Amino acid sequence: MANEEEIMDRVNLTAPIKLTADKYQLVPEFLKVRGLVKQHLDSFNYFINVGIKKIVRANNRITSTVDPKIYLRFTTVRVGEPSILNVNMAEKINPHMCRLADMTYAAPIYVNIEYVHGSNGETSISAKENVIIGRLPIMLRSCRCVLHGKDEEELARLGECPQDPGGYFVIKGTEKVLLIQEQLSKNRIIIDSDKKGNINASVTSSSEMTKSKTVIQMEKEKIYLFLHQFVTKIPIIIVLKAMGMESDQEIVQMVGRDPRFSASLLPSIEECVSEGVYTQSQALNYLEAKVKQTSYGPRDILRDVFLAHVPVRDNNFRQKCFYVGVMLRRMIEAMLNKDAMDDKDYVGNKRLELSGQLISLLFEDLFKTMISEAIKKVDGILQKTARSSRFDFSQCLTGEKHHSISFGLERTLSTGNFDIKRFRMHRKGMTQVLTRLSYIGSLGFITKISPQFEKSRKVSGPRSLQPSQWGMLCPCDTPEGESCGLVKNLALMTHVTTDEEEGPLVAMCYKLGVTDLEVLSAEELHTPDSFLVILNGLILGKHRRPQYFANSLRRLRRGGKIGEFVSVFVNEKQHCVYVASDGGRVCRPLVIADKGVSRVKQHHMMELQGGIRTFDDFIRDGLIEYLDVNEENNALIALYESEAPTKITEMAETAEAKSLRENTTHIEIEPFTILGVVAGLIPYPHHNQSPRNTYQCAMGKQAMGNIAFNQLNRMDTLLYLLVYPQRPLLTTRTIELVGYDKLGAGQNATVAVMSNTGYDIEDAIVMNKSSLDRGFGRCIVMKKLVATCQKYENNTVDRILKPERTGPDAEKMQILDDDGFASPGEIIRPKDIYINKEVPMNTRDKMPSPLPDSQYRSAREYFKGPEGETQVVDRVALCSDKNGHLCIKYIIRHTRRPELGDKFSSRHGQKGVCGTIVQQEDFPFSERGICPDLIMNPHGFPSRMTVGKMIELLGSKAGVSCGKFHYGSAFGEPSGHADTVENISATLVKHGFSYSGKDFLYSGLSGEPLQSYIFMGPIYYQKLKHMVLDKMHARGSGPRLMMTRQPTEGKSKNGGLRVGEMERDCLIAYGASMLIHERLMLSSDPFEVQVCRDCGLLGYYNYKLKRAVCSTCKDGDNIATMKLPYACKLLFQELQSMNVVPRLKLTEA
Amino acid sequence: MPTQEEKTFAKNFDINKLSDVPEGLTPQRKLKQSRGVSKNDAPVHTQGDIYSGAYVMGMDENHVKLENFNENFKVDVISCTETDMEFDMIGIDAALANAFRRILIAELPSMAIEKVFIANNTSVIIDEVLAHRIGLIPIAVDPRLFEYLSEHDQPNEKNTIVFKLHVKCPKGGSRMNVLTNELKWLPNGSEFLKESGDSTSKPKTYTSFNQSQDSFPEFADNPIAPTHPDILIAKLSPGQEIELEAHAVKGIGKTHAKWSPVGTAWYRMLPEVVLLEEVEDEHAERLVKVCPQNVFDIEDMGNGKKRATVAQPRKCTLCRECERDDDFVHRVDLRSVKNHFIFKIESTGSLPPDVLFTEAVKILEAKCETVIAELS
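First to last, the protein sequences are chains A and B.
If you read the first sequence in this note's numbering, its first letter stands for residue 1, the second for the next number, and so on.
If you read the second sequence in this note's numbering, its first letter stands for residue 10001, the second for the next number, and so on.
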C-alpha cells in the first residue's frame, strides 16, 4: 500500500503543469517577506529611520529667549543599539534578558549638536557628537532590535523563540503591545447627517503643527460653520467673504452652475445680506465678535485652525475657498441625493494608527517638552546677573539621570495612557500586556485593532460586517459581547501603509496634466467634463481625462517609479480622482490581470520555487500590486483565473461573460487569506454557521498548548502548558504558515458522536479514563511567586533566615534549603513557608549597624494553593529589581489531569465540560478494537450546524488511516487546499471504513452491538484554561469584613456565597421565613444590641454596672436586648451621624 | 354473553396445540435470534436474549441448557504469537464474551511502575511527566509471582521490583535519547538511602528486601526488564542527567491503565454475507468491484454466465459499500453471527495472550464462586 502511495506521489510530482498557475506559493513568500506583524515593524522602522529625523529637523534649533544669539542646534539624530548603562559602561542587552530581569528593552537616542558655549561673555560655537537625549523602547524584531535578521539558531542562542513574531515592546519586564488604533481618516471630507437629519460636512485636519475639526452644517436650509474657536455658528458665506471671496456670484459659480445648487445657497446668501456683511473687512469684523479667545484674531483662526491642512501662502486664501466650495457642493449633492452621503464605517474612510505613529506623536511631544525645559533652564542661567564662569548649553539638555524622554516613553508604554497636551489627546488603554495563554492568542493580540468608538454606544452600524472589509479585516475574529464588531483583527495578507513623501507625487501629477487650482476661475472648478484631482485630501487641480490620468499613475506605480502603496481611485459619482499616499491605509496584494488573463504565469511560480524570484520581484515586475480599499472599487477582482474565463473560446461565450472577462483587472492570490490568523486555524470554516467560527476565534485564544519554544525559560506570572500537545490531523494552509503545527494547542481525540451514560447532556463530554491515564488533556500550570528583600532609608535590610530544622515550624520549612530559599524540585504544599524572611521593625530612624535580632519581626511568605494538591517548585530566580532590591522569583508548577468539569472545545466553537469519566471497559469499541477517547452528544450538531466539524472528523479519520495530513483551508476546495468529502470518503472506503465515517460499535457494558452506526473519528480538541480546580470554592465559617462583620466576598478571600435579592425573593415567595432568618442574619452578621424602649435608640451594656444603659435617656430602666444584623446597627449609627434619627418601636412577639 | 362451551374452550386453549402451528420457533424468529443484520441505515436484531429462559415456552433447543453449551462451545485459535492472539469463540453469549474482554482490560493484574524516586533530573522533561512516562512502560514479568502491596506493607522482594535509571549526556557531545533499555533491574532492592534522624542506626533504604530477587528460580537466568528496549523516555542535551529509581508494584487496569496487561482486547462477531438473490454477469462483476475488502468472488457457471459468490466473508469490515449501491441493497445481507466471536488479544508482554485469557477465565470463575458462596 505504501508503495502504491509513493508511486502516486511521484505521479503528482511529474504531473503536467496546470494552465492556470497555482498562486498559493505567493502567500508563504509574502509572509516570509512581510511577516505576520510586519505592519507594526514597518511602522516602527519608519519612525526610527525617517520619523524621528523629521521631528528633530522640524525642531532643530533651540534659542534662548533672553539672548537670541545663544542657541543649540541638533544636526543629526539616530537610534543606537539596545543597551543599558551599567556603571558608565554601555552594556548590550537582548530582549530575553529584559524579560527575566524586569528591565526595559530600550536603545539610546543619540544626537549630534552644535551649540554656543561661552565663559565670561565670550561665546564660541562648538559641537558634540553622540549626546544621549533619552532611551527609546525598541520593538522586538524591528531594524534596531538585536533579533533583526537573525536565523533560528542565533535566535535560540539569544533565548528567543524563532516562532515569536515580535512587534511588541518589553517594558520593565512585561511584554506590551501598542494596539492598532482605528480612526476616521484625517483631512478628508466626510458628509454625514446628525440625529435631526441636518447634513454636515466635517474634516478632521491634521497638519504637522495643528489638529482641528471643521464642521459645516446645514440648519434650516442655511449653511453654517462650526468651529471650536468661535463662540457660535458662523454663516458660511461670511466665512468665505472673510477669506476674500466677496462676490456672491463667484461663490455660486464655485459651488456649481446647476440652478438647484444656487437655490440651495440662496437662504445662506440672504442671511449674509441680512447681517449686513458685504466686504472682507465687514466679515472680519463680524467674526471678531464671535472669537472665543482674544489672543487670536479671526484671520489667524481662518489661516491656522479652519481647515488647517489646506496651506495658506502669503495670505492667499483662494485654495481654502475652493476647498469650502467643494465641501458645500458635496453637502448640497448629498441633500439632493441621499446616496452621496459618506459612510463612516466604510473601511476606505478609516485609517489604522500603528505603533510607529503613536510613538512618534509621543516622542514629538516629549521632545518639545524637553526643548522648552532646556530653554527655561538657559533663560534661568542667563538672567542671573552674576553668572558662573562657564556656560554650556549642552548641559541644559536634561542629563542622563532623569531623562524626561525615556521616562515619559516608558511610563506611557507601561500604563497605556496617552496624554498629549498639544493635540488634546487623552486616551487610555492604548497598550496592553501581551497575553501568553497560547501562541495563537498572542499572535491574535498583535493583529488586534481597537476601536475609535466607546463600547457603550448602542449602534449597529459600526459593529456590522462591512463589505469593504473583504480581504482586509477578518470577518470572523471579533469578540462577543459589548465590543462585538468594534474590535477587529487584520486578515492574513493585510498591509498597513506608512506615510510617503508627497512632493514627487505632486510634481508627477502636474506633469501628467493636472491643471493647477491657482489658474482656475471659480466657474471652471466644477465643469462637467473634468475631474478634480485630490491628493491626500488636498485639491491639486483638475484633469480632463481622469481615466487616462489614473491609468498612467498606475502604470508608473507598477513600474516602480512611484511608491508601491500609492493608491489611485477614480470616483465617478463625485467627479474626483483620489490619489493617496498617506499612512494607515489598509491594503493587500493582488495579482494583476490583463483582460482576465493573469500576469503571474506558471514559469514565474517555478522561478519562485527555485528561489530565483522573491515576492518583491513580483511587485517590481508589475505582476502583483497592492490595492487599498478605495482603489478596489475601480477593480474587478476574480477569485480564480478560471472564473475570469479564458478557455471558453470553443464554446459560444455569452456577451455577459465576455464583458466580465474583458473587465477583470485583478485575481485574488488565495481566497483563504480573507481570514485572519486565528480564524485560519478552523478547518472547513466555510461549512460552518458563521457565529461558530467567531466563537472559536475567542476560544482558540484560551486553549492550552505551547506558548513558545522558550516557554520553560520564561518567567510568566501564569503559564498554561499541555504535556503532550499535538498538531492537528486536519490542517489548513494558515496553520502551516503561522507555525501552529509547531506550537499546537490541543490533541487529536478519537470522538464518538453518540449518547452514553446520560452525563453528556448540554454539551458535556464523556471521557475515557484510560485515555486520561495515558496522558490525554494533561496540563501544567505554572505560577510565579515574587518576594523582595527591601532596603530601607536607614540602611536596614530585610533578611532571610536559615530554616528551622527543629521546633514547631520545622515541618513547614522542609522545602527550604540552607540559604533560606525553597529548592527546585521540592513539593510545596499549602501553608508551607517558601521564604523565611524577617523585616526590621524600625525602618525610619537610625539604627545600630548590626541590628539585634529583637529588632526584626517575622514576615514569612506562606504558600497558598488548593488543599490536597501537590505542586512543585520549578525554578527559583534571583535578580535585582530597578531599585536595587533583591528580588526572588519562584515558579510553582502544578501538573493536572483532566477532571470532572474541566472545559474542552473543538475548533468549531463547540465547547463543553467533562461530564463524567468512564472506565475504558465500559466504553464502546469498534470492529477493529478502537475505543474512543471521548464521547460527544449528537445534539450538539443540529442547532449549531457545524458541518465543518463533521468534515474534520471524516478528514482526520482518513488521515490516520492513510498516514497523510489532510487539508481543510477556507474556501480551498476549488484550489485543492481543502480535501473534498468525496475524496475523503473514497480513502475511508479504501481502508475498510464506511464512506460515511460511521462505524459498527459494540457496547462495552452488554457486549452487544449498538443499535445504530456511530459517527466516530479523530477531532482536534483544545483544553481551555477554565479548570474546576481554580474555581471550586466552598466555605463554612471564615473571614468577615471589618466594617459590616459580614462574610467576605470572592474566592481569593475565602468568601461566602451570597444569598442575593433574587434568591431572597424566592425564599419569601416560598414562605421559608426561618431559612431567610438563618441565611440573612444568623449565618451572616448577628449582633446583640440594647434598645431603649423609651427613646427607641440603641444603648449599650455597661459591664462595670452589669446593666444596660441608654446614653440618650441617661438611664437603663426600660431597655430590651435583641438581635440585629450588624449592618443594620451600622446603618442606624450612620444615619445618626447625619442627623437622622432612626427609632425602634419594640413590641413583644 | 359467552356460552359455557366457549368458556371451556378458552380455558383450555393453547396455541401450540393447534394443528397448523409449527413446532418450535419460526425460521424468521430463529434468524432474528441468531443473526444481527447490518442494514444500510442501522444494524437490526443486535440484542441477544435477555435471559436464559427467553424461549422456554418454545420447549425446544433454544432453551439455554448446560448440555447444549457443552456440546456446542468451541474455541478455534487462528493465530497466536508472543504478544498477539486471534481466536474464534463459538457458541457463547455476548455477555460472557464481553465479561472476558472486560476482565482482560481491567481486572487482570500486571506489574507497573508506581513510585519513582528522582534523585536528579536536569532534563527538560519535568519530574511528574517523567514519572508518568516511566509508569506507562510495560514490564515483562509474570505478575503471578508477586503479591499486591497493600497500604501498610513494607515494600519487599515479594511485592516490589526496583529499577534504576542513571543516564548522563556527556558534555560536548550531541543530544541523546534515553530509552527503556537504560532501566536496570535492581534485584536487591532500592539503593537510595532514607534520611534518618540518628546516624548510629543501620542506613535504611526505601525497600526492605530479605532476599535478592535473582535468587528466585524464575528470575535466576531471566532478568526482569521492560518488554520493549526502545521506548523513548526522555531526551537529554549535553550536560543533562537523570538519576532515579522506579518501583514497580502489582495492580489492575481498573485503577490505572498502566496496569492493564493488554494493549487492548476485543472481539467482533463473525460476519456472514448472504446473497439473497442470484447476482449475475455484469452485476456480479460490479459487486466484486464495489467491495473494497474482496469479500465476493465470481463463479463461472458455464455458457458464458457468471455468478457472484461470497468467497471470504471473514474479511468483511462492515463498511457497507455493497449496501450503498442501489442495485445490491436488497440482494446482499450483511449479518453477524451472534454466538461466534472473533476474539483478539494484544498483550503488553507480561504474559502471553493465551495465558492471559485462561487467567481471565479463572477470575470469572472465582467471581461466580463468590456469588454462589454468597447466595448459599
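We put the CB at the ideal spot given by N, CA and C, even for glycine.
Note that the structure is a prediction, hence the values are computed from the model and not measured.
{"query": "Any C-beta of chain B under 8 angstroms from that of A:Y740", "result": "no"}
{"query": "Anticipated Cβ contact below 8 angstroms, A:T734 with A:G680, distance rounded", "result": "3 angstroms"}
{"query": "Minimum C-alpha distance to A:G865 - residue among A:V781, A:S552, A:E811", "result": "A:V781"}
{"query": "Within-8 angstroms CB hit, A:D773 to chain B", "result": "yes"}
{"query": "Supposed close pair A:L538, A:M508 - CB separation, criterion 8 angstroms", "result": "With 8 angstroms as the limit, A:L538 and A:M508 do not qualify as a contact, their Cβ atoms being about 15 angstroms apart."}
{"query": "Within 8 angstroms, strictly: CB atoms of A:Q183 and A:E353", "result": "yes"}
{"query": "Cβ separation of A:V1028 and A:L900, assumed to be a contact under 8 angstroms, to the nearest whole Å", "result": "7 angstroms"}
{"query": "Exposure label - B:V10371; buried when at least 16 CB within 10 Å", "result": "exposed"}
{"query": "Where A:M1151 falls, given that 16 or more other Cβ within 10 Å makes a residue buried", "result": "With chain A covering only 1 through 1149, there is no way to say anything about residue 1151 of chain A."}
{"query": "Residue closest to A:N94, alpha-carbon to alpha-carbon, out of A:N60, A:R144, A:L178, A:K196", "result": "A:R144"}
{"query": "Residue-level contact to chain A via CB, B:V10274, 8 angstroms cutoff", "result": "no"}
{"query": "When A:T494, A:D628, A:D516, A:P475 are compared against A:C697, the one with the closest alpha-carbon", "result": "A:P475"}
{"query": "Backbone secondary structure at A:L492 - three-state DSSP", "result": "coil"}
{"query": "Element boundaries [alpha helix (DSSP H), containing A:M606]", "result": "602-610"}
{"query": "B:S10123 in three-state terms, based on DSSP", "result": "coil"}
{"query": "Option in A:K791, A:Y46, A:V751, A:N571 with minimal Cα separation from A:E500", "result": "A:Y46"}
{"query": "From B:T10205, B:C10316, B:S10208, residue whose alpha carbon lies closest to that of B:E10272", "result": "B:C10316"}
{"query": "A:I109 beta carbon near the ligand COA (any heavy atom closer than 7 angstroms)", "result": "For the structure depicted, the ligand COA is absent and the ligand set is empty, with no information on it obtainable."}
{"query": "Euclidean distance between Cα positions of B:T10180 and A:D763", "result": "41 angstroms"}
{"query": "A:S202 vs A:N187 beta-carbon contact at 8 angstroms", "result": "no"}
{"query": "For A:G940, the three-state DSSP class (helix, strand or coil)", "result": "helix"}
{"query": "Endpoints, the beta strand (DSSP E) within which A:S1151 is located", "result": "Because chain A here runs from 1 to 1149, residue 1151 of chain A falls outside it and cannot be looked at."}
{"query": "CB-CB length for A:C931 against A:N768, believed under 8 angstroms", "result": "7 angstroms"}
{"query": "Simplified DSSP state of B:E10006, which is helix, strand or coil", "result": "helix"}
{"query": "Where B:H10340 meets chain A, residues with beta-carbon distance less than 7 angstroms", "result": "Chain A residues near B:H10340: none, gap ~13 angstroms exceeds 7 angstroms."}
{"query": "Contacting residues, own chain, Cβ-Cβ under 6 angstroms from A:L1124 (five flanking each side not counted)", "result": "F1087, V1089"}
{"query": "Beta-carbon spacing of A:E670, A:K23 below 8 angstroms", "result": "yes"}
{"query": "Given 8 angstroms, three or more beta-carbon pairs between the stretch 631-640 of chain A and the stretch 603-611 of chain A", "result": "no"}
{"query": "Same chain, Cβ closer than 7 angstroms to A:V1188, neighbours up to 5 away in sequence not counted", "result": "Any answer about residue 1188 of chain A is impossible in this case: the structure gives chain A only from 1 up to 1149."}
{"query": "Exposure of A:L1057, with buried meaning 16 or more beta-carbon neighbours within 10 Å", "result": "exposed"}
{"query": "Complete runs of the beta strand (DSSP E) confined to the stretch 856-900 of chain A [at least 3 residues]", "result": "856-858, 871-880, 886-896"}
{"query": "Any chain A beta carbon closer than 8 angstroms to B:S10350", "result": "no"}
{"query": "Cutoff 8 angstroms: A:I780 Cβ touching any chain B Cβ", "result": "yes"}
{"query": "Under 8 angstroms by beta carbon: chain B residues contacting A:P1159", "result": "Chain A is shown only over 1 to 1149; residue 1159 of chain A falls outside these bounds and no answer can be derived."}
{"query": "Pairwise C-alpha distance: A:S567 and A:A550", "result": "9 angstroms"}
{"query": "Below-8 angstroms beta-carbon distance, A:F776 vs any chain B residue", "result": "no"}
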